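See below for the structure under consideration.
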Amino acid sequence: MPLSRKLLFAPLLGIALVMTGCDSSPDSSAANSAGHIAPTATTEQANRDVLDQRPFDNRDDFENARRGLIAQDPELVIDHLEGGEVWNMPAYGFIDEDGESAPASVNPSLWRQAALNNIHGLFKVTDGLYQIRGYDLANMSIIEGETGWILVDPLTARETASKAFLFAREHLGEKPVRAILFTHSHIDHFGGVQGILQHLSDEEKANLRIIAPEGFEEEATSENIIAGPAMTRRAMFMYGKRLDRDERGHVGTGLGKGPAFGTFGFAPATDLISETGTELEVDGVPMIFQIVSGSEAPAEFTFYLPEQKAFCGAELVSRNMHNIYTLRGAKVRDARLWSSFIDEAKTLFADADIYFGSHHWPLWGQENIQDFLAVQRDTYKFIHDQTVRLMNQGATPREIADQLKLPPELNQAFHNQGYYGTVSHNAKAVYQHYLGWFTANPAQLDPLPESDSAQRYVQMMGGAEKVLERAREDFEAASAMGASEGRDTYRWLAELLNQVVFAEPGNDDAKQLLANVYDQLGYQAESAPWRDFYLTGAYELRHGSPEEGIKPAMMREVLLNTPVSLFFDSMAVRLKAEDAEGESAVIKITFTDLKESYLLTLKHSVLHNRLVNEDTPADATLNLTRSLFVDLLIGRAGLKELLFSDEISFEGSRLDLIGFFSMLDKPQGRFNIVTP
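Everything in the sequence shown is counted per the UniProt record's numbering, starting at 1 for the first residue and increasing by one.
This is the structure in structure tokens:
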């Protein structure tokens, strides 16, 4: 470890020892207001060891992240349209600006990344190219055209995009917006578009070009429709939504500080890019596009600005290892294809002297960019190839994840490290991509549900008290172990104590001890999502599940642009089979503003839908606008009230319609995760 790093860590270790006393285990009285306990001695050692693994004295990233700063708002707080905060950068002020003073409760590598992501403001990348960073999870880039601005990726939420846009106008001058580019179909790159449009004149909006990859609209509007409630609940874990912003809580998400849970919007594209090599001139600016759909997003492009020799990597490459499988839940991505697209970009845009992306900070210098792309490319290829090699030898996902490590030549750079994705869960994703969930072990074909098997495990081990007694001893002993052995002990205790909690969900001693274990695993995690998952798990073991999930009303503007058929697909997965057993119904819904009718057919506890003529017969017919139907879906309007209002018309029995809709689940997005 460099001496300077040891000296920085020493006082923090001393403070931690004072807090924990002479005992090697953390004193529960040292828990903070959220209940998170102090780091143990083995956690402190594990985090100190990280400082020997990479060149922490290299300050190039900090120089690049600060390069070209034009202006910064030190009090950057953004309010939600309906009250409360969407964004608060000062909340991360506990992170030192150079990322050198990592507390014992944060992996020093993740702390460094968190400090880099704290650097925010308006930056000049090169002549005619600017970025606004740190106003949301993603960046918004500004390209100067002949007569106005071209905006790239207008952030997640109306509130953050509006604030960022007005800040740019304040410091760069007011210019008309001629085009907006959506690089891909994830909401943090288009959801804030209404925050831009609200500031444009009618003439600007009438002539505005919106450029996106082919398939963008379908993918952007459908991603969270079918499995939305489960995804948003899991996103609360992945992004640490319930955690305090402090050294024992959320420090960032690796990819940025975190998503802005504001008001999401949408705007349809005017230009769709379908082929690599497509060239466009946008307000006098030539652009060359590369289609990379199927890598980080199902619809995505990168592009090159030949006049500036600037390559926009979108999210094909970022300054971290990305997710082949994202922990909030999504379809797995193709690591081999992803690597090949990076290789293609490395060749297509070999003359690039500037790299800028949808996240993080730019990179300058042709040689630096070529090396950056090569390491990014080979990281995904290595994970893919070595996972498949071990898989073909019969190794299971857990065995592969435990033994697979990046080779030394890929483990010295910071930009490909597991701040967001990890080698561990990405290797499991590669396995899943080819072979699915089943390892071919017959024991996994028909296991008992978790709570049932947990009760049998605990009973066979002599009961919860015996298990807890041994677990407490192991937890105490772990603090005196070496970093690797201690971490493995925590991993085992997490698995063991989870059985007790699922066998006896009311056992507060088991929940507290498991929460203490999760604290230590979270403190050691280099991946921000892993940290947030562990610490949110600890938080919910202590405080319970949230009283309210993420409100579906946040998605209203996106839903208003969603293909109507997807609404009915989402209704089908909400059908309560037990309530629909033996029932049959034919319901027609006519959207008066779209002049479209859909026939919903219920039989065999399955709901089908199809587009039909307006005069198609049905047991009952509901006539209403799409906006009213969306309000019904997100809970803004109640069915019973609407059926007796003048806003809709119907044919058939009101009671039949009410009975049909009563068979649909209303997921609240706040189900238990760390308890049954």
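For every residue, glycine included, the Cβ atom is placed at its ideal position computed from N, Cα and C. Just so it is clear, the structure is predicted and the values come from calculations on it, not from any experiment.
Tell me whether F289 sits in a helix, a strand or coil according to DSSP, three-state version.
strand
With which residues is S649 paired in a DSSP beta bridge?
N623
Is it buried or exposed, W437, if we count other Cβ atoms within 10 angstroms and call 16 or more buried?
exposed
Report yes if the C-beta distance between A480 and A104 is below 8 Å; otherwise report no.
no
Which residues mark the beginning and the end of the beta strand (DSSP E) in which D271 is found?
D271 to I273
Among residues of its own chain, excluding the 5 on either side of D649, which ones have a beta-carbon nearer than 7 Å to its beta-carbon?
Correcting the residue identity first, residue 649 is Ser in this sequence and not Asp. Correct list, in chain order: N623.
Mind checking Q113: buried by the 16 CB within 10 Å criterion, or exposed?
buried
Per-residue DSSP class, three states only, for G21:
Confidence at G21 is low in this model, with a pLDDT of 33, below 50, so the placement of that residue is unreliable and no value is reported for it.
In the DSSP assignment, find the unbroken beta strand (DSSP E) run with R67 in it and report its ends.
Note, R67: premise wrong, no beta strand (DSSP E); not H, not E.
Short Cβ contact (8 Å threshold) for A138 with H80
no
Whole-angstrom C-beta distance between D619 and A585, which should lie under 8 Å:
6 Å
Could you please give the first and the last residue of the uninterrupted alpha helix (DSSP H) stretch that includes N392?
Q366 to N392
Is it buried or exposed for E526, if we count other Cβ within 10 angstroms and need 16 for buried?
buried
Which residues mark the beginning and the end of the beta strand (DSSP E) in which R178 is found?
V177 to L181
Mark D23 as exposed unless 16 or more other C-beta atoms lie within 10 angstroms of its C-beta, in which case mark it buried.
Reliability of the predicted coordinates at D23 is poor, the pLDDT of 40 falling under 50, and the value obtained from them is presented with this limitation in mind. The residue in question, D23, is exposed, as its Cβ has fewer than 16 Cβ neighbours within 10 Å.
Three-way DSSP call (helix, strand, coil) for G121 in this model:
strand
Classification of I142 by the beta-carbon crowding that lies within 10 angstroms, buried from 16 upward
buried
When the Cα of N613 is compared with those of F591, L632 and V630, which residue comes out closest?
F591
Taking the alpha carbon of P154 as the reference point, which residue from T536, P676, I95 and F182 has its own alpha carbon closest?
F182
Starting from Q131, follow the beta strand (DSSP E) in both directions and report where the run begins and ends.
L129 to R133
Per DSSP, what are the beta-bridge partners of K588 in this structure?
L599 and T621
Would you kindly check if the distance between the Cβ of N117 and the Cβ of G294 is under 8 Å?
no
Using 10 angstroms around the beta-carbon of N107, count the other beta-carbons present and answer buried if the total reaches 16, otherwise exposed.
buried
Proximity to E174 [Cα-Cα], best of I150, H186, G192 and R158:
I150
For the beta strand (DSSP E) that E85 lies in, which residues bound it at each end?
E85 to N88
Range covered by the alpha helix (DSSP H) that runs through H433:
V423 to L435
Use the C-beta contact count for Y434: other C-beta atoms within 10 angstroms, 16 or more gives buried, fewer gives exposed.
exposed
G522 versus R542 - alpha carbon distance
15 Å
Do you know how far the Cα of T43 is from the Cα of S25?
For S25, the predicted model reports a pLDDT of 49, less than 50, meaning its position is unreliable; a value from the coordinates is still stated below. Taking the straight line joining both Cα atoms gives about 11 Å.
Which residue marks the beginning of the beta strand (DSSP E) containing I400, and which one marks its end?
No beta strand (DSSP E) contains I400, which is instead part of the alpha helix (DSSP H) from P397 to Q403.
Inter-residue spacing [alpha-carbon to alpha-carbon] between H199 and S162:
8 Å
Alpha carbon to alpha carbon, how far is E344 from L272? Give it in angstroms, no decimals.
21 Å
Beta-carbon separation (whole angstroms), R158 vs A179, contact threshold 8 Å:
Going by Cβ atoms, the distance from R158 to A179 rounds to 19 Å, so no, they are not a contact pair.
Residues of its chain near V458, where Cβ-Cβ distance is below 8 Å and the 5 sequence neighbours each way are ignored:
A464, V467, Q499, V500, A503 and E504
Residue burial classification, P90 (beta-carbon count within 10 angstroms, cutoff 16)
exposed
Using beta-carbon positions only, say whether E548 and R456 come within less than 8 Å of one another.
no
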